[in-house]
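Asker: For the record, the sequence lines run as chains A and B.
Residues 68 to 513 (our numbering) are what the first sequence spells out, left to right.
Residues 68 to 513 (our numbering) are what the second sequence spells out, left to right.
A virtual CB, placed ideally from N, CA and C, is assigned to each residue, including glycine.
Got a structure for you, questions after.
2 protein chains.
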Amino acid sequence: MAGIIQPKVLKGFRDFLPGTEIPRRKLIRALEDHFTSYGYVPIDTPVLEYAEILLSKGGGETDRQTYRFTDHGGRDVALRFDLTVPFARYVAAHRNEITMPFKRYHVGKVWRGENTQRGRYREFIQCDFDIVGTDSAGADLEIMLMIAAGLRAIGAGDTRIRFSHRGLFNLLLDKLGLEGKTAEVLRIVDKVGKIGADEVRRLLSEFAEPEGTETLLDFITPAGDNRKTLEKMTRLAGGSSIGSAAVSEIPAAKRIRIILDAVEDLQLQHGLVLDPSIARGLDYYTGIVFETFLDDMPDLGSVCSGGRYDNLTGVFMKEPVSGVGASIGLDRLMAGLEELGRIDNAASSTDILILMLDEGLLANYQRYAHQLRQDGLAVEVYPVVKKFGPQFKYAESKDIPLALIVGTDEAEAGTVNLKDLRTRESFEDLSFDDARQKARELLADS
Amino acid sequence: MAGIIQPKVLKGFRDFLPGTEIPRRKLIRALEDHFTSYGYVPIDTPVLEYAEILLSKGGGETDRQTYRFTDHGGRDVALRFDLTVPFARYVAAHRNEITMPFKRYHVGKVWRGENTQRGRYREFIQCDFDIVGTDSAGADLEIMLMIAAGLRAIGAGDTRIRFSHRGLFNLLLDKLGLEGKTAEVLRIVDKVGKIGADEVRRLLSEFAEPEGTETLLDFITPAGDNRKTLEKMTRLAGGSSIGSAAVSEIPAAKRIRIILDAVEDLQLQHGLVLDPSIARGLDYYTGIVFETFLDDMPDLGSVCSGGRYDNLTGVFMKEPVSGVGASIGLDRLMAGLEELGRIDNAASSTDILILMLDEGLLANYQRYAHQLRQDGLAVEVYPVVKKFGPQFKYAESKDIPLALIVGTDEAEAGTVNLKDLRTRESFEDLSFDDARQKARELLADS
């Protein structure tokens, strides 16, 4: 035999031990249940696609980070780097098989050869949900309500969704003669939270006249409340020549107003805040854009972002498809929940360990386990005859609360012993039915 | 903009529409719940690994089929082609962090550049469960019981697990002087179900003397029942010089006997059949081996196979780790369940569609939806104002049974209408609480 191969994973990739994988799977399930309760349906797409398709939108950083290679058949292929481009392809490919409006969710791994020194992973899970095939305030609102309710459902507590509208921002840039510089301006504005107004002013002054720079800075600064912010955004973007009546004629302003009406009616003003400094990248979003912060840990950064795009499928078909969607950063969210102490790191979900004391009683042990499972309990049989010590140690390492103990004597007497491993209390010489009842009680108490 | 890119997937890869993905996710969840109820814990490993690790066991076909390339950092990497090699690496890497015996399950995609003309896919889901760190009859039995119970739990009905033991087979080959030809003989024996005894005899005669060939053929033919089959296997493998008392001294025979004792005690003789023609590949299994067939569709082939191996981690660490495990072929299983009519192909899980008749009522619609979800119902709000026709058509396409209808008049009157879309029965001018009660009744009836 050749030498030993070191069992290491690639840089930026991770193994998940049960203590982490159990809560991760619970989190994903809770999100899937949440999406399902809103009528969203799951889809799946291949992990590997034609590179031409995945990289069809272009973009230097994406191109550099994508795992791309030539397959056995000489095809130029790549691992998906997000779930959005595959979804666009999917909608175009199956447009005659899916009903619009289409509400779907997709949870899956994506890969990016990022610099791991920034604490980024090269393999991570994205969790996307979108409504495509309609452009409506109802869809915009629903996606944002789903974020808030979903994060609450998984124990992340209250959230603040900061949202804006790219339509108003674009109007302002037009007015300032900066429509050709949208990408650069957005990139600078996006940093205001990090670098401060003065630095943003300095950077903007490279593109805009001093007056324009001040207008931009004024625009991205929220006013006292959502209504006042909308009023200011509309005034600056629409120009002072627009009267308050005409303001409602601007589609983007009207869209925000409808959303704000519903938000107030639902008394969610705290959680849905109009914040014109939310800009998000360039070549994609065309309507509302949003980021989501946990009230209990705002410094974690946005755990769910997204917005409206008016032409998802542009490169794949002629008819434009508008949609609105959000993506949850599962890794960042889990890190936050972990830090907040809201992740249950139990090493297993097992309720009862049945000790193996006599190989001749194999059938008995499996029969007891089968019956206890019919009560909805998770029950395991220790797989080999050993002394009590190692079997109890095993139970401890898996956080198993109860043990069912049946040796040769008990089997002959038709009795069983039950032990609560948390309190070390023993219940001996019970009938199996009494032990079953006792186990239910002990587990219900905890 | 450049021309339209055709939105196609790679050959051998598949998109999953909701009608297929919903039952697939349900199936996976049911299996995960099943594993959990037996105390098995989930793990995860990277999709991409060092090629040296994945291909450490060697093997021409695997090497050829593996997606392998050089990454940005010049590393020789590959997509996993099964979940076994990554598990071996995982156990070696984390041997100080996991408790033995270790019961784990892993559901994940794997990739093989197979010839798609044989109806194989290049991306498919494997579903593995193993007990490692012990070599016991209890573990062997449990894995087989789990297969039967798991397949019953997901609606596949009764099964027949055909199992054998490589230890007895190897003894026979030693006796016939064929120990150097194990691979070739196993490969031929494996085909007996397909090509028949005569063709197997012809192929075996290229390696074995005529007498040896007849002994091999006799060995792989089951006798009248499990006990008689074990007796014949032991006699042929152990030699006629072994008396019936000494037969129990052969470890492999003893292991099977213990398993048969438990199987009879549990009255599962129909489902667990000792079949010495079950051989399975060479360089991996060392103890029991098994394949699983659906009683309702035996021609589907084995939907779950596996066995015991005595050195999982051989290439990664010095101490050997024994284990027993099984792998469910999810695609084949789903195809079988589909053909048996046991897959529920509902286009969604939504119970109630709330029609959108007035954008000014957005908050009302979302409030009703929120309250109905608290009853455990899946409720969606149609995302945009449209006429009744398209909204009912949407409900129909998603198999949604009920609609809640609230227009401007109803909102003013404080009433709602409920419609059963299956019977077209309407319930009008109800209070919301009455509608909520009525909805529960209508859904409970179905």
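1. Using a beta-carbon distance below 8 Å, is A204 (chain A) in contact with chain B?
2. From D285 (chain B) to R302 (chain B), what distance separates their C-alpha atoms?
3. P468 (chain A) to Q433 (chain A), Cα distance in whole Å?
4. Short of 8 Å in beta carbon distance, which residues of its chain neighbour Y105 (chain B), apart from the five on each side in sequence? Order them along the chain.
5. What does the Cβ neighbour count give for K486 (chain A), buried or exposed, with the cut at 16 atoms within 10 Å?
6. Does G374 (chain A) have its Cβ less than 8 Å from a Cβ in chain B?
7. Less than 8 Å between the CB atoms is what I'm expecting for P450 (chain A) and P168 (chain B), so what's the real figure, rounded?
8. Grab me the residues of P343 (chain A)'s own chain with a C-beta within less than 6 Å of its C-beta, minus the 5 sequence neighbours each way, in chain order.
9. Using the beta-carbon count (16 or more within 10 Å), is G141 (chain B) buried or exposed?
10. Classify A155 (chain B) as helix, strand or coil using the three-state DSSP reduction.
11. By the criterion of Cβ-Cβ separation under 9 Å, what are the contact partners of K258 (chain A) in chain B?
12. Are the CB atoms of L115 (chain A) and F494 (chain B) within a distance shorter than 8 Å?
13. Should the segment 188 to 206 of chain B be called in touch with the segment 441 to 457 of chain A, which here means at least 3 C-beta pairs below 8 Å?
14. Looking at the C-beta of F357 (chain A), does it have a partner C-beta in chain B at a distance below 8 Å?
15. Against chain A, with Cβ distances strictly below 8 Å, would A445 (chain B) count as a contact?
16. Where does E447 (chain A) sit, in a helix, a strand or coil, going by DSSP?
17. Identify the residues that DSSP records as bridge partners of R135 (chain A): which are they?
18. Should T201 (chain B) be labelled buried (16 or more other beta-carbon atoms within 10 Å of its own) or exposed?
19. Should S389 (chain B) be labelled buried (16 or more other beta-carbon atoms within 10 Å of its own) or exposed?
20. Does any C-beta atom of chain B lie closer than 8 Å to the C-beta of Y351 (chain A)?
21. Check whether chain A comes within 8 Å of R142 (chain B), counting only Cβ atoms and requiring the distance to be less than that.
22. Report buried or exposed for A264 (chain B), applying the criterion of at least 16 other Cβ atoms within 10 angstroms of its Cβ.
23. Quick one: what does DSSP say M68 (chain B) is sitting in, helix, strand or coil?
24. For P109 (chain B) versus I71 (chain A), is the C-beta distance shorter than 8 Å?
25. Looking only at its chain, what residues have a beta carbon closer than 7 Å to the beta carbon of G224 (chain B), apart from the 5 residues adjacent to it on each side?
26. Starting from Y376 (chain A), follow its DSSP beta bridges and name the residues at the other end.
27. Is there contact here, the segment 146 to 161 of chain A with the segment 174 to 185 of chain A, by at least three beta-carbon pairs under 8 Å?
28. If you count every other CB in all the chains shown that lies within 10 Å of the CB of D195 (chain B), and 16 or more means buried, which is it?
29. Quick check on this structure: which residue in A:V446, A:D466, A:D500, A:N431 has the alpha carbon closest to the alpha carbon of T475 (chain A)?
30. Note down, in chain order, every chain B residue with its Cβ under 9 Å from the Cβ of K486 (chain A).
31. Kindly identify the DSSP beta-bridge partner or partners of T226 (chain A).
32. For the beta strand (DSSP E) containing K78 (chain B), name the first residue and the last one.
33. For R399 (chain A), which residues of its own chain have a beta-carbon under 8 Å away from its beta-carbon, when the five flanking residues on both sides are left out?
34. Give me the subset of the segment 403 to 417 of chain A whose CB atoms are less than 7 Å from a CB atom of chain B, sorted by chain position.
35. Looking only at C-alpha atoms, which of A:T226, A:S415, A:E386, A:R347 sits nearest to R375 (chain A)?
36. Comparing the C-beta of I72 (chain B) with each C-beta of chain A, is any distance below 8 Å?
Answerer: Judging by the given coordinates:
1. Here residue 204 (chain A) is taken as the residue at index 137 of the first sequence, counted from 1. A204 (chain A) counts as touching chain B.
2. Start at 1 with the first residue of the second sequence, and residue 285 (chain B) comes out as number 218. Start at 1 with the first residue of the second sequence, and residue 302 (chain B) comes out as number 235. Taking the straight line from one Cα to the other gives about 11 Å.
3. For the purposes of this step, residue 468 (chain A) is taken as residue 401 along the first sequence, with counting starting at 1. For the purposes of this step, residue 433 (chain A) is taken as residue 366 along the first sequence, with counting starting at 1. The straight-line gap from Cα to Cα measures roughly 19 Å.
4. Against the second sequence, residue 105 (chain B) aligns to sequence position 38. Only K170, E209, M213 meet the Cβ criterion.
5. In the first sequence, the residue the question calls residue 486 (chain A) occupies position 419. Per the 10 Å Cβ criterion, buried.
6. Sequence index remark: in the first sequence, residue 374 (chain A) carries index 307 (1-based). Not an interface residue.
7. Counted from its first residue, the first sequence places residue 450 (chain A) at position 383. Counted from its first residue, the second sequence places residue 168 (chain B) at position 101. That belief holds up - the Cβ atoms of P450 (chain A) and P168 (chain B) are roughly 5 Å apart, short of 8 Å.
8. The residue given as residue 343 (chain A) occupies position 276 in the first sequence. The answer, listed in chain order, is S231, F286, I287, M300.
9. Within the second sequence, residue 141 (chain B) is the residue found at index 74, counting from 1. Counting Cβ neighbours within 10 Å, G141 (chain B) comes out exposed, since fewer than 16 surround it.
10. By one-based count along the second sequence, residue 155 (chain B) stands at place 88. Of the three classes helix, strand and coil, the one that applies to A155 (chain B) here is helix, per DSSP.
11. Looking up residue 258 (chain A) in the first sequence gives position 191. Correct list: empty, because the minimum Cβ distance to chain B is about 27 Å.
12. Start at 1 with the first residue of the second sequence, and residue 494 (chain B) comes out as number 427. Start at 1 with the first residue of the first sequence, and residue 115 (chain A) comes out as number 48. No. Outside cutoff.
13. yes
14. The residue given as residue 357 (chain A) occupies position 290 in the first sequence. For F357 (chain A), the answer is no, since every Cβ of chain B falls outside 8 Å of its Cβ.
15. By one-based count along the second sequence, residue 445 (chain B) stands at place 378. A445 (chain B) counts as touching chain A.
16. Counted from its first residue, the first sequence places residue 447 (chain A) at position 380. Looking at E447 (chain A) - three-state DSSP - the assignment turns out to be strand.
17. Indexing the first sequence from 1 puts residue 135 (chain A) at position 68. R135 (chain A) pairs with A:A145.
18. Along the second sequence, one-based indexing puts residue 201 (chain B) at 134. T201 (chain B) should be labelled buried.
19. Locating residue 389 (chain B) in the second sequence gives position 322, counting from the first residue. Buried.
20. In the first sequence, counting from the first residue as 1, residue 351 (chain A) sits at position 284. False, the Cβ-Cβ gap to chain B never drops below 8 Å.
21. Along the second sequence, one-based indexing puts residue 142 (chain B) at 75. Taking Cβ atoms only, chain A reaches closer than 8 Å to R142 (chain B), which makes this a yes.
22. To locate residue 264 (chain B), count along the second sequence from 1; it is residue 197. The residue in question, A264 (chain B), is exposed, as its Cβ has fewer than 16 Cβ neighbours within 10 Å.
23. Working through the second sequence from its first residue, we reach residue 68 (chain B) at position 1. Below a pLDDT of 50, predicted positions are generally treated as unreliable, and M68 (chain B), at 46, falls in that range; no measurement from the model is reported.
24. Stepping through the second sequence from its first residue, residue 109 (chain B) is reached at position 42. Stepping through the first sequence from its first residue, residue 71 (chain A) is reached at position 4. No, these two residues do not count as a Cβ contact at 8 Å.
25. Within the second sequence, residue 224 (chain B) is the residue found at index 157, counting from 1. L361, D362, D363, listed in sequence order.
26. Within the first sequence, the letter at position 309 stands for residue 376 (chain A). Answer is A:G390, bridged to Y376 (chain A).
27. yes
28. Within the second sequence, the letter at position 128 stands for residue 195 (chain B). D195 (chain B) should be labelled buried.
29. Here residue 475 (chain A) refers to the residue found at position 408 when the first sequence is read from its first residue. For the residues A:V446, A:D466, A:D500, A:N431, the minimum Cα distance to T475 (chain A) belongs to A:N431.
30. As a working note, residue 486 (chain A) is residue 419 in the first sequence. Going along chain B, no residue has its Cβ under 9 Å from K486 (chain A), so there is no contact; the nearest lies around 17 Å.
31. One-based indexing of the first sequence puts residue 226 (chain A) at position 159. Note: T226 (chain A) sits in a beta bridge opposite A:L361.
32. On the second sequence, position 11 is the one that residue 78 (chain B) refers to. From DSSP, K78 (chain B) is part of no beta strand (DSSP E); its letter is neither H nor E.
33. Stepping through the first sequence from its first residue, residue 399 (chain A) is reached at position 332. Within the same chain, R399 (chain A) has close Cβ partners L367, G368, V370.
34. S415, S416, T417
35. The residue given as residue 375 (chain A) occupies position 308 in the first sequence. Answer by Cα proximity: A:R347.
36. Along the second sequence, one-based indexing puts residue 72 (chain B) at 5. Yes, its Cβ sits closer than 8 Å to a Cβ of chain A.
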